[in-house]
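Enquirer:
2 protein chains.
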Amino acid sequence: MPAPVDHEARRRDVIRIAISVLAEKGPEALSFREIAERAGYSTTIVTHYFHNKHDLLLSMFQAAAQTGVDRVTAARGDNLSPQECLEALLPLTEDSRRNWRVVLAFWGSGTADEAFRKEQRKRWREFLTMVKEQLDRLDPGHPTPLELRARTILALLIGLATQSVFNPRDWTAGHMRRSLHEALAGIAATAKDQGHRQIERGGT
Amino acid sequence: MPAPVDHEARRRDVIRIAISVLAEKGPEALSFREIAERAGYSTTIVTHYFHNKHDLLLSMFQAAAQTGVDRVTAARGDNLSPQECLEALLPLTEDSRRNWRVVLAFWGSGTADEAFRKEQRKRWREFLTMVKEQLDRLDPGHPTPLELRARTILALLIGLATQSVFNPRDWTAGHMRRSLHEALAGIAATAKDQGHRQIERGGT
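Those sequence lines, one after another, are chains X and S. Sequential numbering of the first sequence, starting at 1, is according to this note's numbering. Sequential numbering of the second sequence, starting at 1, is according to this note's numbering.
(1) State the CB to CB distance for the pair residue 148 (chain X) and residue 180 (chain X), rounded to an integer number of angstroms; the pair is presumed to be in contact (CB under 8 Å).
(2) If you follow the alpha helix (DSSP H) that residue 127 (chain S) is part of, which residue opens it and which one closes it?
(3) Are the segment 120-130 of chain S and the segment 138-154 of chain S touching by the rule of at least three beta carbon pairs closer than 8 Å?
(4) Can you round the beta-carbon distance between residue 220 (chain X) and residue 184 (chain X) to whole angstroms, since I take them to be within the 8 Å contact cut?
(5) With 8 Å as the threshold, decide whether the Cβ of residue 119 (chain S) is near any Cβ in chain X.
(6) Leaving aside the five residues before and after residue 60 (chain X) along the sequence, list all residues of the same chain whose C-beta is less than 6 Å from its C-beta, in chain order.
(7) Would you report the Cα separation of residue 31 (chain X) and residue 105 (chain S), rounded to the nearest angstrom?
(8) Going by the beta-carbon positions, is the gap between residue 123 (chain X) and residue 166 (chain S) smaller than 8 Å?
(9) Just tell me which of X:156, X:89, X:109 has its CA closest to the CA of residue 26 (chain X).
(10) I want to verify the contact list: residues of chain S whose CB lies under 7 Å from the CB of residue 151 (chain X), in sequence order.
(11) Using the Cα positions of residue 10 (chain X) and residue 58 (chain X), report the straight-line distance between them to the nearest angstrom.
(12) Return the first residue and the last residue of the alpha helix (DSSP H) that residue 82 (chain S) is part of.
(13) Taking 8 Å as the CB-CB limit, is residue 6 (chain X) close to chain S?
(14) Run through DSSP, which three-state label would residue 179 (chain X) get?
(15) Which of the residues in the segment 16-47 of chain S, read from start to end, lie with their CB under 9 Å from any CB of chain X?
(16) DSSP on residue 52 (chain S), reduced to helix/strand/coil?
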């Protein structure tokens with residue numbers, strides 16, 4: 001008797017291969033046939049899991065975003081510094097660059113679609129919560145609202161990642177790390193600056 | 001005798017209409033036929049200016065990026081503050097949101113193409129130069145290298161813009177402005193902080 005098919009594992013396999021194809025050839029070259037060939041499945045098996053390319057791209061985005069969440073969680077578990085935990089979101093490895101290419105393909109195609117927008121909003125909130133946690137570790141009593149600081153750092157991380165994916169020569173790992181460090185130093189300095197001003201005004 | 005055709009004006013017209021179609025319907029719905037119909041031209045006229053969709057998308061990106069450059073130049077000419085000049089790059093108007101959608105479509109499709117990458121690098125350098133000029137106005141003698149400060153602010157602007165285009169409810173104009181302001185305040189505070197530290201160490 002043949003072993004029962006592990007549908008969840010197969011589905012993950014298809015997504016993983018689709019992410020590689022997209023990263024190598026761009027979203028236009030992404031086809032069920034190519035994915036099936038690389039996976040060694042028939043096209044019918046691939047279309048069993050994903051109704052159409054749109055459906056597949058949404059699942060690829062979910063997988064890429066989840067990898068980002070998992071990386072930060074792992075960095076946090078290893079008790080890395082706040083900067084290092086935040087760096088876990090940047091495209092510093094080939095695997096992470098692949099995932100960012102998926103995110104960008106998703107953004108590029110998803111402008112007009114409500115399912116896409118909903119997923120994007122959901123993930124954005126998850127990432128914002130993670131950034132908040134790291135900034136709170138760094139500067140627990142900072143006078144600027146945590147939400148504003150976290151939005152600024154999350155937008156910076158997204159901007160660094162998008163630039164680096166297209167322009168890795170001008171945006172190396174070192175550039176990304178230094179920019180993030182500079183922004184975190186700015187937040188720390190703002191707290192002191194506000195502290196000084198409070199002292200100057202005779203406050204506490 | 002009919003008036004001679006102004007090819008440059010027609011070409012710009014086609015690009016402008018293509019940007020509207022893309023912003024409304026997404027890049028997949030962008031077709032020469034739809035553009036020609038909206039413009040009141042024949043499809044042959046449109047394909048006279050653009051060989052294929054790739055060629056058109058590259059021209060749309062160039063036009064969108066040039067609009068950004070022109071906005072900052074205009075803000076500078078009106079003697080607006082550095083923050084206001086930088087805000088000229090953010091999607092604070094419907095016109096600017098449309099242009100950002102083009103940029104995102106370009107990023108989403110352009111991963112594997114050298115002509116795209118080259119154009120992206122060229123524009124990135126132009127924008128970096130503009131950001132440098134504004135930061136230099138703000139803080140002429142800042143101890144952190146201008147290049148590093150400008151990269152950080154440019155990446156932040158790009159991140160804010162991409163988030164706002166997809167998630168305008170969570171990233172309003174006010175959120176974008178406050179994040180930019182917070183980052184600029186951080187840069188200013190870093191200068192003071194480094195000044196304090198120099199003083200503490202007995203330096204100048």
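By construction, the Cβ of each residue, glycine as well, lies at the ideal position given by its N, Cα and C atoms. Model, not experiment: these values are computed from the prediction.
Expert: Considering the structure as presented:
(1) That belief does not hold up - the Cβ atoms of residue 148 (chain X) and residue 180 (chain X) are roughly 17 Å apart, past 8 Å.
(2) 114-138
(3) yes
(4) There is no way to answer for residue 220 (chain X), as the model of chain X reaches only from 1 to 204.
(5) no
(6) 15, 18, 19, 102
(7) 19 Å
(8) no
(9) X:109
(10) 175, 179
(11) 17 Å
(12) 82-87
(13) no
(14) helix
(15) 22, 23, 24, 25, 26, 27, 28, 29
(16) coil
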